[in-house]
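Using the numbering used here, read the sequence shown as starting at 5 and increasing by one per residue. Built from N, CA and C at the ideal position, the CB exists for glycine as well. As C-alpha cells, the structure follows; a few thoughts come after it.
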Amino acid sequence: MKQRRTYLVGDPDSFTPEQLEVKDGSLWLKGLKAVAEHRVTFNVDELPKEVRKFLKQWQELHIKWASMKPFTAIPPFTSRVTPGLHVLYEPHNTQPKVQLCDLLRSVFDPENDCSFDLDAEEIATPVFHATVGEESDASLQYYSYLPSLHQLVSLIEESFCPKSSDLEKCIEYANSLLKASYLDIDFSASSTNLVLTAFFDSPTHGWTTHVPAPSHGHTIEVGVLTHEPNPDPEDIAFGGFLTVLGPDAAPKPTRFQTPTRHYPLSYPLTYMSRFAHPTGLHPTLELSFPSAQLIPPDETCKLYTHLTLPSYLFIDKYQFNDPLFLSSHLLASLLYVTGATDLEAPEWVVSRWGSTALFRLVSPKEFPEDIKEQEWTVTIPLHLRYLPVASSSHTRVPVPWPVVFWACDAEQDSSGNPFDRKNLGYDSAFAKEKRFMHVPPNESGNGTGNLVNWIDVPVLDSRAADWVEMGTIGVVIVAFLGLCWVLFKGGRGKRGKGMEEKVKKKQ
C-alpha cells in the first residue's frame with residue numbers, strides 16, 4: 005500500500021518550516037492552514053478476496069462523490085462535479101451481466117431506489133465522447149443524490165479495519181472521510197491498482213495532526229506545498245517541502261511545475277443557481293453571474309454548464325433547436341443530452357437514473373445588445389415528470405447545482421500531471437487539447453449553505469384519493485345523465501313542436 009498526502013497552503017505568508025516536525029520517522033503538523041489531498045493506492049493482491057472478485061466484473065470503474073457544501077478550490081485542485089454520487093464504468097466483456105445496485109446499496113446508500121431487476125447497463129446513461137475514445141474510457145454513468153458517506157465509513161470500520169495491522173489508525177482514517185469535500189475511487193483492469201483519493205478543505209484552525217511512520221512494506225509520501233506564480237499560463241508551479249516517511253525521513257526543499265487540464269480563474273467570478281418561482285411542473289433553472297466579471301479568460305474560451313438531472317426532471321431537447329428560443333434564454337447551443345429523455349413517461353416507469361446535458365452559454369461579450377444589469381442570468385427550461393402518489397399534496401425533491409466552466413484551447417499535453425482528475429462525466433465531451441477554467445459556486449449558496457436546490461412537486465394526495473375517485477365518478481355520471489336528457493327529452497320536445505306546426509299548416 006502506498007500513501008500520498010499533499011497539503012497545499014493557500015497563503016504562503018502563513019506558513020513557516022517550524023510547523024513541520026519529523027521525529028522517529030513520523031511527521032507532525034502544527035496549525036497548518038492548507039487544503040489537503042490524501043491518496044491511498046492498493047495493489048489488487050492486497051485487497052480482500054471478496055473485493056478482488058467484485059473488481060473482476062469491471063473493465064473500468066470510477067466513483068466520484070462530491071459534498072453538498074462549497075469548498076475552497078486552489079490549483080491544482082480546481083476540478084468539480086455535481087454534488088452527489090457519480091459512478092462511471094465499463095463492464096467487463098467476458099463477465100456475465102453485473103448488478104450495480106449491489107454496490108450502491110451495500111457500500112453507499114441502503115435506500116438507493118435502483119432496481120435489482122435491471123443490470124448495470126439498463127439503469128445507466130451513456131457518457132458522451134467528443135471523439136472515438138480509447139479502450140480505457142468508461143462509456144456508462146450512474147448518478148444518485150447522496151448527502152454523506154456514512155454508509156461507506158461504517159462498512160470500512162466493520163469489514164476492513166478489523167483486518168488491518170493498525171485498527172485505531174484505520175478507524176481514524178475512515179472517520180476522516182466524513183469531512184471530505186470529495187472522494188474518488190478509481191480502478192482499471194489495465195492496471196493492478198485500486199486508488200482512493202480524498203480531498204479536504206482547510207480546517208478552521210489548520211491541520212494539527214500526526215502522520216505515523218509506515219509499517220513494513222508500505223510507503224507514505226508527504227508534501228507541503230505552496231502555489232507559486234508562473235509566467236507560462238498553461239503551467240502551474242509549486243514550491244515547498246517533500247518527505248518520504250521512514251527511518252531517514254527529512255523535509256527536503258522542492259520546486260516543480262507541470263501543465264494541467266483544470267485551471268483556476270485569475271479574477272473573482274462566481275455563479276448562483278436557483279429556480280424561478282413558482283416552479284410548477286415546468287421549472288426554470290436560473291444561473292446568475294455578475295455581469296462585470298463575466299469575461300472570457302482569453303479569446304478561445306467559451307462558457308459551458310453541465311447539468312445532472314435525476315429521473316424526475318428532464319429536458320425537451322426539441323425546444324433548443326430554435327435559435328430564437330436559445331437566444332431568449334441567453335443560451336448558445338445544446339451540445340448533447342443523454343439518458344432518460346422520454347417526454348411523456350411518468351417517473352415510476354423510467355428505468356434510467358436520469359439524464360445529463362451540456363449547454364454552451366452566451367456571455368455579455370457575445371450578446372448583440374448592451375446589457376446594463378449588474379446580474380447576468382441564463383435560464384434553462386426544464387420539465388418535471390409525474391411522481392408517485394404520496395401522503396401529502398407535494399413531494400420535495402433535490403436538484404444539485406450544475407457545474408460551470410470555461411473551455412479554452414490548450415497547447416500542451418497535461419496527461420503527466422499527478423493531480424489532474426479524469427472521468428468527470430463532461431471532460432470526455434471535449435478534445436484533449438481543451439483545458440477547463442472552473443467558475444466556483446457562490447459560497448453563500450441559496451441561503452442554506454448547500455449546493456442543492458429543492459423543488460416542491462404537486463402529487464396526488466393519497467389521503468384525498470378516495471374523494472377524487474368518487475368525485476370523478478360523480479362528474480361522469482352527471483355528464484352522462486345530462487347527455488341523455490339532451491338526446492331524449494330535449495329531442496322529443498323539438499319533435500312535438502314540429503308536429504304542432506305541421507297540423508296548423510294543414511288547417
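Item	Value
What are the boundary residues of the alpha helix (DSSP H) that includes Ile175?	171-180
For Leu328, report the span of its alpha helix (DSSP H) as first-last.	327-332
Since Pro263 and Ser418 should fall inside the 8 Å C-beta cutoff, what is the C-beta to C-beta distance between them, to a whole number of angstroms?	4 Å
If you reduce the DSSP assignment to three classes, tell me which class His154 lands in.	helix
For Leu24, is the classification buried or exposed, using 16 other Cβ atoms within 10 angstroms of its Cβ as the cut-off for buried?	buried
Determine the direct distance from the alpha carbon of Ser192 to that of Gln63, and round the result to whole angstroms.	6 Å
Whole angstroms is fine: what's the gap from Phe203's alpha carbon to Thr10's?	9 Å
Looking only at DSSP bridge pairs, what is Arg56 linked to?	In DSSP, Arg56 forms no bridge with anything.
Helix, strand or coil for Ser192, going by three-state DSSP, please let me know.	strand
For Cys412, report the span of its beta strand (DSSP E) as first-last.	407-413
In terms of residue numbering, what span does the alpha helix (DSSP H) encompassing Leu107 cover?	104-107
To the nearest angstrom, how far is it from the Cα of Thr452 to the Cα of Thr201?	28 Å
Classify Leu485: buried if its beta carbon has 16 or more other beta carbons within 10 angstroms, exposed otherwise.	exposed
Would you mind giving the Cβ-Cβ distance between Pro389 and Asp460, rounded to the nearest angstrom? I have them listed as a contact below 8 Å.	Per the sequence shown, residue 389 should be read as Arg rather than Pro. At roughly 15 Å, the Cβ-Cβ gap does not stay under 8 Å, so Arg389 and Asp460 are not in contact.
Would you kindly check if the distance between the Cβ of Glu379 and the Cβ of Ser292 is under 8 Å?	yes
Kindly indicate which three-state DSSP category Gly343 falls into: helix, strand or coil?	strand
Just to confirm before moving on: does the CB-CB distance between Ile127 and Ser359 stay below 8 Å?	no
What's the call for Leu347, buried or exposed, on a 16-neighbour Cβ count within 10 Å?	exposed
Closer than 8 Å is the cut-off here; do at least three beta carbon pairs connect the stretch 81-94 with the stretch 423-432?	yes
Specify, as a first and last residue, the run of the beta strand (DSSP E) that Pro294 falls within.	288-294
Taking all protein chains shown into account, do 16 or more other C-beta atoms lie within 10 angstroms of the C-beta of Arg439, making it buried, or fewer, making it exposed?	buried
Please state whether the Cβ-Cβ distance between Pro385 and Ser295 is less than 8 Å.	no
Taking only the alpha-carbon atoms, compute the straight-line gap between His214 and Ser30 and give it to the nearest angstrom.	7 Å
Quick check on Gly137: buried or exposed, where buried means 16 or more other Cβ atoms within 10 Å of its Cβ?	Residue placement at Gly137 cannot be trusted, given a pLDDT of 45 that sits under 50; what the coordinates show is reported in the next sentence. The residue is exposed, with fewer than 16 neighbouring Cβ atoms inside 10 Å.
My assumption, with CB atoms under 8 Å, is that Phe318 sits in contact with Thr345. Please give the rounded CB distance.	6 Å
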